[in-house]
Amino acid sequence: MKLTLVILVILSSLFFNTSCLKRQNLNDDNLGAPIAPAELSTAIKEEFGDKLFIDDIKKDEFSSYILTEKIQDTYSQTIEQQDMTVKAVESTPDHFKFDTQVTKITYQNGQSTQQTREWSWLWQYDPNPTATRPLAPLAENERPTYLFERLIAVMNYYCKNEGEFPQSCHNMSSVEIDYFVPPATAPQHNCTNAYQCFIKARKIEFDQVLLNEFDIHGKPKRQHIKLVISNDVPFLSRMLQYCQRGLFDMSSQQILVDYCYTINSYAFGRN
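Taking my numbering, the leading residue of the sequence shown gets 1, the next gets one more, and so forth.
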């Protein structure tokens with residue numbers, strides 16, 4: 001009975017934190033003027049300042065997410081879970097590297113498959129001595145999902161009408177919220193009640209129009225994006241949520257689909 005209660009509380013916390021994705025009309029062409037790309041990066045910096053540094057990752061840091069899918073506003077189902085533990089960290093003037101053990105569980109057609117592997121992530125620094133921050137990770141095949149990479153991409157590349165993937169963003173909102181942490185993480189925040197533990201976070205939402213991708217009606221594809229970020233959690237979990245809602249072409253019709261990554265557990269590392 002106690003185990004059942006804990007499971008229900010965890011599931012309800014995930015619903016509480018993920019069920020607020022806007023249900024706007026994705027066929028509405030009246031989006032208004034696009035925002036300047038700097039507005040999005042500024043909103044992210046309101047949470048992190050200039051402290052979003054990859055070398056904040058520490059040995060023994062742990063991060064777990066679930067990926068959920070919802071089709072045509074029906075029920076949400078988990079299609080993937082990934083658990084990542086940092087086993088070692090190496091920092092030099094030339095690069096930053098961390099080694100991880102990653103377990104990924106995939107759910108499909110009522111079945112699950114699990115795979116555990118060791119991965120290394122390497123970030124090379126700019127050879128220009130005036131640059132002190134990393135530029136880009138080395139490419140690897142079949143890599144695990146690092147949500148902080150998505151956060152960096154949102155910050156540096158979204159909403160820019162240029163390059164290979166031109167896009168525009170509209171109707172952005174950015175608000176500070178109290179975020180309900182997963183109960184198992186509550187002791188790390190000195191909460192006396194694991195089921196009433198909140199941290200400060202920032203929720204950012206906007207409509208994204210992909211200017212060089214078109215749907216079956218010849219219109220630029222668009223999706224609604226929501227991210228929840230916080231500086232009060234370990235680095236690998238600072239993107240607490242990344243959700244996108246869009247219309248996907250299927251034969252002669254469009255299907256409404258929500259995808260949402262949600263951090264469901266984490267642990268701080270040590271120096």
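By construction, the Cβ of each residue, glycine as well, lies at the ideal position given by its N, Cα and C atoms.
Beta-carbon contacts of residue i that lie in its chain and below 8 Å, excluding the five residues immediately before and after
i              : result
threonine 113  : Ile105 and Thr106
isoleucine 263 : Ser63, Ser64, Tyr65, Leu147, Pro182, Val233, Ser237, Met239, Leu240 and Gln241
serine 251     : none
Start-to-end residues for the alpha helix (DSSP H) that takes in residue i
i              : result
asparagine 156 : 147–157
Distance CB(residue i)-CB(residue j) smaller than 9 Å
i              : j             : result
histidine 170  : aspartate 207 : yes
isoleucine 276 : leucine 67    : Any property of residue 276 remains undetermined from this structure, which presents the chain solely from 1 to 271.
aspartate 60   : threonine 42  : no
isoleucine 204 : lysine 219    : no
leucine 40     : valine 154    : yes
lysine 200     : aspartate 232 : yes
isoleucine 229 : isoleucine 44 : yes
glutamine 101  : glutamate 90  : no
isoleucine 152 : leucine 52    : yes
glutamate 46   : arginine 202  : yes
aspartate 258  : isoleucine 54 : no
Cβ-based neighbour list, residue i, same chain, cut-off 7 Å, excluding 5 preceding and 5 following
i              : result
glycine 32     : His170 and Asn171
tyrosine 261   : Tyr65, Leu67, Leu147, Gln241 and Tyr242
serine 168     : Pro34, Cys159, Asn161, Val209 and Leu211
threonine 145  : Gln82
asparagine 271 : Lys58
arginine 245   : Leu21, Gln223, His224 and Asp258
tyrosine 179   : Asn17, Phe198, Ile199, Ala201, Val228, Ser230 and Leu240
Residue i, enclosing beta strand (DSSP E) - first and last residue
i                : result
phenylalanine 48 : Run containing phenylalanine 48: none in the beta strand (DSSP E); it sits in the alpha helix (DSSP H), 37–48.
leucine 31       : It is not in any beta strand (DSSP E) - leucine 31 carries neither H nor E in the DSSP assignment.
leucine 67       : 62–71
For residue i: DSSP bridge partner residues
i           : result
leucine 247 : Leu256
leucine 210 : Gln167 and Lys221
valine 102  : Met84 and Arg117
valine 89   : Phe98
Nonlocal neighbours in the same chain, by C-beta distance under 6 Å from residue i, ignoring five residues either side
i             : result
alanine 38    : none
aspartate 99  : Lys87, Ala88 and Ser120
histidine 217 : none
glutamine 254 : Leu247
proline 129   : Residue confidence is low: proline 129 scores 45 on pLDDT, short of 50, so the model does not pin down where it sits. Its coordinate-derived value is still stated next. Once the five neighbours on either side are set aside, proline 129 has no close Cβ partner at all.
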